[in-house]
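> This structure is in structure tokens; I'll ask about it shortly.
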Amino acid sequence: MPLQPILFAGGSGTVGRQAVHWFRQRQPDWPLLVGGRNLATAEDVAQAAGQARAVGLDLDQPGLGLDPALNPAAVIMLAPDQALHGLRLAQRLGIPYLNANTGVTELGPEVALFMHRPGAHALVLSSHWASGAALALALDLARRFTRVTAIGVEVLLDEEDPAGPLAWEDMARVHSAAPAALAFRHGRRHWLSGADLQGSVRALDGRTLAATAFGSIDLLSLWATTAAPELRFDIAMGESSSRRRGAETAAEIAVRATGERDSQTTTARSVLEFSQGQASLTALGLVLSLERVLGLVGGKPLPAGLYMPEQLWAADWFLQELQREGAVLHHPVDGH
Numbered sequence: 033m034p035l036q037p038i039l040f041a042g043g044s045g046t047v048g049r050q051a052v053h054w055f056r057q058r059q060p061d062w063p064l065l066v067g068g069r070n071l072a073t074a075e076d077v078a079q080a081a082g083q084a085r086a087v088g089l090d091l092d093q094p095g096l097g098l099d100p101a102l103n104p105a106a107v108i109m110l111a112p113d114q115a116l117h118g119l120r121l122a123q124r125l126g127i128p129y130l131n132a133n134t135g136v137t138e139l140g141p142e143v144a145l146f147m148h149r150p151g152a153h154a155l156v157l158s159s160h161w162a163s164g165a166a167l168a169l170a171l172d173l174a175r176r177f178t179r180v181t182a183i184g185v186e187v188l189l190d191e192e193d194p195a196g197p198l199a200w201e202d203m204a205r206v207h208s209a210a211p212a213a214l215a216f217r218h219g220r221r222h223w224l225s226g227a228d229l230q231g232s233v234r235a236l237d238g239r240t241l242a243a244t245a246f247g248s249i250d251l252l253s254l255w256a257t258t259a260a261p262e263l264r265f266d267i268a269m270g271e272s273s274s275r276r277r278g279a280e281t282a283a284e285i286a287v288r289a290t291g292e293r294d295s296q297t298t299t300a301r302s303v304l305e306f307s308q309g310q311a312s313l314t315a316l317g318l319v320l321s322l323e324r325v326l327g328l329v330g331g332k333p334l335p336a337g338l339y340m341p342e343q344l345w346a347a348d349w350f351l352q353e354l355q356r357e358g359a360v361l362h363h364p365v366d367g368h
């Protein structure tokens with residue numbers, strides 16, 4: 033039986049074309065639909081990928097304006113699906129839907145649609161930082177403790193990374209909708225505003241950079257999985273440690289965790305670098321989750337349900353796959 037194509041909605045964008053690239057590299061035989069508002073640009077991406085077809089998208093139209101004869105196997109939403117026409121399409125067809133563009137204050141409509149048709153399909157809320165890279169790093173670090181008391185996620189965006197300013201703009205978009213940033217203090221939801229938004233990021237090379245708190249969906253996953261009472265996510269814009277030492281511009285994510293181990297309070301830290309940049313790391317993370325959803329690795333296709341990335345894969349597997357594709361993990365021994 034021939035495979036149905038996977039629709040990469042927004043597949044001609046900065047992250048989208050990288051997602052198409054990674055999926056094609058890892059799954060050379062699966063047909064693709066590259067959806068974009070600019071058909072010519074989408075055609076360029078489709079031609080480069082091979083075994084792919086470009087389709088025009090209209091995010092304001094039911095069914096995304098697609099030919100009703102098309103029958104994709106899954107929808108990967110890489111463009112802002114503000115009207116949720118992509119989600120409704122996936123529900124109608126009974127196919128998986130992964131969304132990488134939803135802020136923590138924007139989840140309500142997606143969850144409401146799912147609750148009214150919970151058996152229709154698999155819905156994956158995959159708008160975590162770098163589509164799960166920061167989350168996997170934090171979960172892998174947390175498992176070293178018998179009890180975790182605090183987790184801080186720190187992201188350094190390089191201003192010379194083409195996707196760095198775009199990611200910063202996306203953070204600003206989320207903050208414009210909800211000027212306060214989500215964090216957890218003493219195990220309770222806490223909304224940061226004003227001076228409380230100011231934080232810091234410690235780079236791999238030891239620098240400390242001024243940062244801004246970001247209410248990432250990662251915090252929801254970490255709160256649910258680790259029960260850590262103190263959770264915070266900070267982002268800084270500056271020169272990545274990789275570029276500063278004369279190498280490539282790199283995506284850089286650090287996680288610092290404090291907790292109990294062997295009846296003692298201790299702190300540990302992990303740093304992830306990815307020399308292919310922020311967009312490529314985000315795209316790769318999304319593709320890893322997609323492979324799990326489709327049952328291409330780890331067993332059968334995902335049944336209908338509402339999921340977050342950490343429910344699809346084990347953190348150590350995810351990090352191993354990132355390393356296989358070029359990521360480098362650092363584990364400073366002093367936890368600083």
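Note that the sequence shown covers residues 33 to 368 in the working numbering. Ideal placement from N, C-alpha and C gives every residue a C-beta, glycine not left out.
#1: Between the Cα of Arg239 and those of Val187, Ala106 and Trp255, spot the shortest distance and give me the residue it belongs to.
#2: How long is the line joining the alpha carbons of Gln343 and His53, rounded to whole angstroms?
#3: Do you know how far the Cα of Leu304 is from the Cα of Leu354?
#4: Tell me which residue opens and which closes the alpha helix (DSSP H) that His53 is part of.
#5: For Asp190, which beta-bridge partners are listed by DSSP?
#6: By the 10 Å Cβ neighbour count, where 16 or more other Cβ atoms means buried, how is Thr134 classified, buried or exposed?
#7: Quick one: complete alpha helix (DSSP H) runs, 4+ long, within the segment 253-306?
#8: Which partner residues does Asn70 have in the DSSP bridge list?
#9: How would you label Glu191, buried or exposed, when you count the other beta carbons within 10 angstroms and need 16 or more for buried?
#10: Would you identify the three-state DSSP class for Phe177, choosing helix, strand or coil?
#11: Just grab the DSSP bridge partners of Asn133 for me.
#12: What residue does the beta strand (DSSP E) around Arg85 start on, and which one ends it?
#13: What residue range is occupied by the uninterrupted alpha helix (DSSP H) comprising Gln310?
#14: I need the DSSP call for Ile163, collapsed to helix, strand or coil.
#15: What do you reckon, are the CB atoms on Ala78 and Ala72 nearer than 8 Å?
#16: Starting from Gln230, trace the beta strand (DSSP E) in both directions and tell me its first and last residue.
#17: For His222, which of helix, strand or coil comes out of DSSP?
#18: With a threshold of 16 other CB atoms inside 10 Å of the CB of Glu292, please say whether the residue is buried or exposed.
#19: Between Asp92 and the rest of its own chain, which residues show a CB-CB distance below 7 Å, the 5 nearest in sequence each way excluded?
#20: How many angstroms separate the CA atom of Val185 from the CA atom of Ala165?
#21: Report yes if the CB atom of Ala245 is closer than 8 Å to the CB atom of Gly231, and no otherwise.
#22: Residues bridged to Ala245 by DSSP?
#23: Using the C-alpha atoms, what's the distance from Gly45 back to Leu224?
#24: Between the Cα of Phe40 and those of Ala170, Ile267 and Ala74, spot the shortest distance and give me the residue it belongs to.
#25: Can you tell me which of Thr290, Pro335, Ser295 and Ala359 puts its alpha carbon nearest to the alpha carbon of Gly317?
#26: By how many angstroms is the C-alpha of Ala336 removed from the C-alpha of Leu155?
#27: Within 10 angstroms of the Cβ of Met340, are there 16 or more other Cβ atoms? Answer buried if so, exposed if not.
#28: Helix, strand or coil, according to DSSP, for Leu157 in the structure here?
#29: Which whole-angstrom value is the C-beta distance of Leu130 and Val325, which I expect to be below 8 Å?
#30: So Trp255 packs on Phe216, CB below 8 Å; how close in whole Å?
#31: Of the residues Leu139, Val136 and Arg149, which one's Cα is nearest the Cα of Ala122?
#32: Based on the DSSP output, what are the partners of Ala170 in its beta bridges?
On the basis of the data shown:
#1: Against the sequence shown, residue 239 aligns to sequence position 207. Among Val187, Ala106 and Trp255, the Cα nearest to that of Arg239 belongs to Val187.
#2: In the sequence shown, the residue the question calls residue 343 occupies position 311. In the sequence shown, the residue the question calls residue 53 occupies position 21. Whole-angstrom Cα-Cα distance: 25 Å.
#3: If you number the sequence shown from 1, residue 354 lands on position 322. If you number the sequence shown from 1, residue 304 lands on position 272. C-alpha separation (whole angstroms): 10 Å.
#4: Residue numbering aside, residue 53 sits at position 21 when the sequence shown is read from its first letter. Residues Thr46 to Arg58.
#5: For the purposes of this step, residue 190 is identified with residue 158 of the sequence shown, where counting begins at 1. According to DSSP, which records beta bridges pairwise, Asp190 is partnered with Gly270.
#6: Sequence index remark: in the sequence shown, residue 134 carries index 102 (1-based). Result: buried.
#7: 273-276
#8: What you label residue 70 is simply residue 38 of the sequence shown in a count that begins at 1. Answer by DSSP bridge pairing: none, since Asn70 is not bridged.
#9: Translated into the one-based positions of the sequence shown, residue 191 becomes position 159. Label assigned to Glu191: exposed.
#10: As a position in the sequence shown, residue 177 is number 145, starting the count at 1. In the structure shown, Phe177 sits in coil (DSSP, three-state: anything other than H, G, I, E or B).
#11: Taking the sequence shown and counting its residues from 1, one reaches residue 133 at position 101. Looking at the DSSP output, Asn133 shares a beta bridge with no other residue.
#12: Taking the first residue of the sequence shown as position 1, residue 85 is located at position 53. Here the beta strand (DSSP E) through Arg85 covers Ala84 to Gly88.
#13: Taking the first residue of the sequence shown as 1, we reach residue 310 at position 278. Per DSSP, Gln310 belongs to the alpha helix (DSSP H) from Gln310 to Leu326.
#14: Taking the sequence shown and counting its residues from 1, one reaches residue 163 at position 131. The amino acid at residue 163 is misidentified as Ile; the sequence shows Ser. Reduced to three states, the DSSP call for Ser163 is helix.
#15: Residue 78 sits at position 46 when you count from the first residue of the sequence shown. Residue 72 sits at position 40 when you count from the first residue of the sequence shown. Contact: no.
#16: For the purposes of this step, residue 230 is taken as the residue at position 198 of the sequence shown. Where Gln230 is concerned, the enclosing beta strand (DSSP E) stretches over Gln230 to Arg234.
#17: If you number the sequence shown from 1, residue 222 lands on position 190. If DSSP states are grouped into helix, strand and coil, His222 belongs with the strands.
#18: Indexing the sequence shown from 1 puts residue 292 at position 260. By the neighbour-count rule (16 or more Cβ atoms within 10 Å), Glu292 is not buried but exposed.
#19: On the sequence shown, residue 92 is found 60 positions in, with the first residue counted as 1. Taken in chain order, the residues that qualify are Ala115.
#20: Along the sequence shown, one-based indexing puts residue 185 at 153. Along the sequence shown, one-based indexing puts residue 165 at 133. The straight-line gap from Cα to Cα measures roughly 11 Å.
#21: Taking the sequence shown and counting its residues from 1, one reaches residue 245 at position 213. Taking the sequence shown and counting its residues from 1, one reaches residue 231 at position 199. Yes, the Cβ-Cβ distance between Ala245 and Gly231 is below 8 Å.
#22: For this step, residue 245 is matched to residue 213 along the sequence shown. Its beta-bridge partners are Asp266.
#23: Locating residue 224 in the sequence shown gives position 192, counting from the first residue. Locating residue 45 in the sequence shown gives position 13, counting from the first residue. Spanning the two alpha carbons is a distance of roughly 32 Å.
#24: Counting from 1 along the sequence shown, the entry for residue 40 is found at position 8. That would be Ala74, whose Cα lies nearest to the Cα of Phe40.
#25: As a position in the sequence shown, residue 317 is number 285, starting the count at 1. Nearest of Thr290, Pro335, Ser295 and Ala359 to Gly317, Cα basis: Ala359.
#26: Walking along the sequence shown from the start, residue 155 turns up at place 123. Walking along the sequence shown from the start, residue 336 turns up at place 304. Distance between the alpha carbons of Leu155 and Ala336: 7 Å.
#27: Counting from 1 along the sequence shown, the entry for residue 340 is found at position 308. So Met340 ends up on the buried side.
#28: Indexing the sequence shown from 1 puts residue 157 at position 125. Strand, per DSSP.
#29: For this step, residue 130 is matched to residue 98 along the sequence shown. For this step, residue 325 is matched to residue 293 along the sequence shown. About 7 Å; that satisfies the 8 Å criterion.
#30: Within the sequence shown, residue 255 is the residue found at index 223, counting from 1. Within the sequence shown, residue 216 is the residue found at index 184, counting from 1. Going by Cβ atoms, the distance from Trp255 to Phe216 rounds to 6 Å, so yes, they are a contact pair.
#31: In the sequence shown, residue 122 corresponds to position 90, counting from 1. Minimum Cα distance to Ala122 is reached at Arg149.
#32: As a working note, residue 170 is residue 138 in the sequence shown. In the DSSP output, where bridge partners are listed per residue, Ala170 has none listed.
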